[in-house]
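Chemist: Numbering-wise (my numbering), the sequence shown opens with residue 1 and increments by one.
All C-beta atoms in this analysis are idealised placements derived from N, C-alpha and C, irrespective of residue type, glycine included.
Just dropping this structure here.
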Amino acid sequence: MIIMAVLFISAGLMFLMYPHKATDASEKQITERVIMSRWVGGSLIIMSSLFLIMGSLQLLDQVSHHIGH
Numbered sequence: 001m002i003i004m005a006v007l008f009i010s011a012g013l014m015f016l017m018y019p020h021k022a023t024d025a026s027e028k029q030i031t032e033r034v035i036m037s038r039w040v041g042g043s044l045i046i047m048s049s050l051f052l053i054m055g056s057l058q059l060l061d062q063v064s065h066h067i068g069h
């Protein structure tokens, strides 16, 4: 679980840091590609962070349930 989240976060960082540019594209196309790349990168990072938070809450719930019985 943690390895997959780290992979998604690193992929999101790659989208944020290094948006791909095409050499034969116009400035408008390059700008749109950069904006889309940032949205994809940010979404990957946010979803992975929420995945880690929900996973840790689930583990805490399982531990507290085990202690109660």
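Alpha carbon to alpha carbon, how far is D24 from M47? Give it in angstroms, no decimals.
Modeler: Each residue's Cα considered, the two are about 33 Å apart.
Chemist: Would you tell me roughly how many angstroms separate the C-alpha atoms of V40 and G55, rounded to the nearest one?
Modeler: Answer to the nearest angstrom: the Cα atoms are 22 Å apart.
Chemist: So, with DSSP's three-state summary, where would you put M17?
Modeler: Reduced to three states, the DSSP call for M17 is helix.
Chemist: Cα separation between F8 and L44?
Modeler: Distance between the alpha carbons of F8 and L44: 6 Å.
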